[in-house]
Every structure is written in C-alpha cells, then in structure tokens.
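All remarks here apply to the structure that follows.
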Amino acid sequence: MTEKRQRRRIRIRDRARIQSGLSIVPSLFTVGNIFCGYYAVIATLRANYDYAAIAIGVGMVLDMMDGRIARLTQTDSDFGIQLDSLADLVTFGVAPAMLAFKWGLSSTAGLEANIVQHVNQLGWLSTFAFLVCGALRLARFNIQTKKPPEAGSRRYFVGLPIPMGAGMIAAVVHFFKTPVLLVGSALLWSLLILLIAFLMISTVRYASFKEFDVKKPRPRIVLFCTAMLIALVIFYSEVVLLVLATIYLCSGLVTKLIPLASRFAHTVRKVKVEEPRVVGWHA
Numbered sequence: 178m179t180e181k182r183q184r185r186r187i188r189i190r191d192r193a194r195i196q197s198g199l200s201i202v203p204s205l206f207t208v209g210n211i212f213c214g215y216y217a218v219i220a221t222l223r224a225n226y227d228y229a230a231i232a233i234g235v236g237m238v239l240d241m242m243d244g245r246i247a248r249l250t251q252t253d254s255d256f257g258i259q260l261d262s263l264a265d266l267v268t269f270g271v272a273p274a275m276l277a278f279k280w281g282l283s284s285t286a287g288l289e290a291n292i293v294q295h296v297n298q299l300g301w302l303s304t305f306a307f308l309v310c311g312a313l314r315l316a317r318f319n320i321q322t323k324k325p326p327e328a329g330s331r332r333y334f335v336g337l338p339i340p341m342g343a344g345m346i347a348a349v350v351h352f353f354k355t356p357v358l359l360v361g362s363a364l365l366w367s368l369l370i371l372l373i374a375f376l377m378i379s380t381v382r383y384a385s386f387k388e389f390d391v392k393k394p395r396p397r398i399v400l401f402c403t404a405m406l407i408a409l410v411i412f413y414s415e416v417v418l419l420v421l422a423t424i425y426l427c428s429g430l431v432t433k434l435i436p437l438a439s440r441f442a443h444t445v446r447k448v449k450v451e452e453p454r455v456v457g458w459h460a
C-alpha cells in the first residue's frame, strides 16, 4: 500500500510539474503579441507603415493561438485573461490608432495650413474614439466571460472584436501602402475608423468560430479550401486580407439589417392593408 501511495504521489507531482511548465506556453504567445504591438508602433513612427500593418496581422495570429493553446492544455487562468487583455489593448488599440493617424490623417500635402489643421483634428478625434471604444470593448468582454454563458452565446461576439477592428485598419494600409494625400480620402478614412469604433461598442453580433474544433476530423474539401486560402494569403495577401476583413466587418451589419428590413417591410404591408378605401365622386 505504501508503494502504491508513493507512486501515486510521484505521478501527481509529475503532472503538477508538467502543468506548471505548460502554463508558460500561452503566456509566451501573449508576450509575442505585445512585441508585435510594440514593433508596430516603432514602425509607424519610422513611416514603415506596411511593416506596422504586417506586425498587427502577426499579432492577430498569436492572439488566436494563445487562447486555443490555453484551452487545449487546460492552463487558462485569470492571470492569462488579464495579460491577454492588456496585450490586445497595445497591439489592437494603441498600435492601429497610431497607424491610422500617421498613415491616413497626417500626410496631406499641398493644402492650406487651415485645412491641414482641421484634417489633423479630425484624425485625433477619430483615432482616439477607436482607442477608447476598443478599451470599452475589452472591458465588456472581460465582464461577459465571468458571467455564466447563455445558450448559443459561444457562437457569436457582441460587438466587433477589437482584433478584427485593428485587422481592418491593417488590411487597408497593407493594400494601399502609400499614405493618404487627399482630403477626400482622409475624410473617408476617418468615417471608416469611426464606423469601426461604433461597431466595437455596439450590440451587433459577429461570428466567433469558437465551436470550430481543431481536433475533429474534417472532410477533404474543407482541408483543401483551407490550404487554398492559406496559399492565397501568402501570395496575394494585399487583396485577400482586405476582402476577408471587409466581409467579416459587413457580416454583422448584414445580419443586423436583414431582420430590421423585414420588420419594416411587414409594417408597411400591414399599414397598406389597414388603410381605408376612399370612394371617389363620379360625374
């Protein structure tokens, strides 16, 4: 009996050591995410805008991996959640806000000083709104994770996730590369940033893909399409990433607007049916 107990204690101790060692792995990915955000800020200050956009994209990949690795190894903790939120605020809040301002709202040339000043002020406002809304989105997400999950809530996010908002900014910069020089383009850029900021704090639902289990076997067609998508991202990253980011951004709006449009159409039909018929006078 004593030998069995001793062996059991050794097994428990070895498992604890392995578990403690595995708990570091997700945090390493989170630290890598922070580094990507820091590098994106430095690259933005040096006017290497495409490198900054790529760094934000790499940070998105690391952000997706650290959570999945923590769940697979059963090493998720409150410390990891808080560290991940801080990393997200740096990489997907501060870095894209600076990139959006420097790339699209501070390089207008050949204009009057008064116009340039107004464009810069609009840039400060829109990018700061993006940063604040991103912080609010992260705070709301942290509160929601502590509540008991509702039925089907794992299938969607409430509000645009801040990594996808940052990904949209990075995809646009990666596609065009050359900084914005026209006032009209700068105004459109500001409107897009404000739209992203609004969607992050809205109640629009976006697909989370959390129920996609990597360990489950997939049909060959799914594997083939995944491989083709990865190849397209590698060879045609500018176009493919912008298309994917735009589709995801619009998906929540479409799913929100379709029920509203159907209810509006139903109300209009109901009003037309209930309208009293007016009998005209005939000579």
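As numbered in the numbering used here, the sequence shown has no gaps in its residue numbers, which increase by one up to the final residue, 460. For every residue, glycine included, the Cβ atom is placed at its ideal position computed from N, Cα and C.
- Each of Gly234, Gly336 and Ala217 was checked against the Cα of Glu415, and the nearest Cα belongs to Gly234.
- A residue is called buried once 16 or more other Cβ atoms fall within 10 Å of its Cβ, and Ser254, having fewer, is exposed.
- Taking one beta carbon from each stretch, the region 297-308 and the region 225-244 have fewer than 3 pairs nearer than 8 Å; the two do not touch.
- The criterion of a C-beta distance shorter than 7 Å is satisfied by Val218 and Ala272.
- Here the alpha carbons of Leu276 and Tyr228 stand approximately 11 Å from one another.
- DSSP, read as helix, strand or coil, puts Tyr413 in coil.
- Selection Ala224, Gly270, Leu400 and Phe278 evaluated against Met341 yields Gly270 as nearest (Cα-Cα).
- Note on geometry: alpha-carbon atoms of Trp280 and Pro396 lie some 42 Å from one another.
- Here Ala224 carries a coil assignment [DSSP, helix/strand/coil].
- In terms of Cβ geometry, Thr268 and Gly300 do not form a close pair [threshold 7 Å].
- Taken atom to atom, the span from the alpha-carbon of Thr322 to that of Thr403 is near 30 Å.
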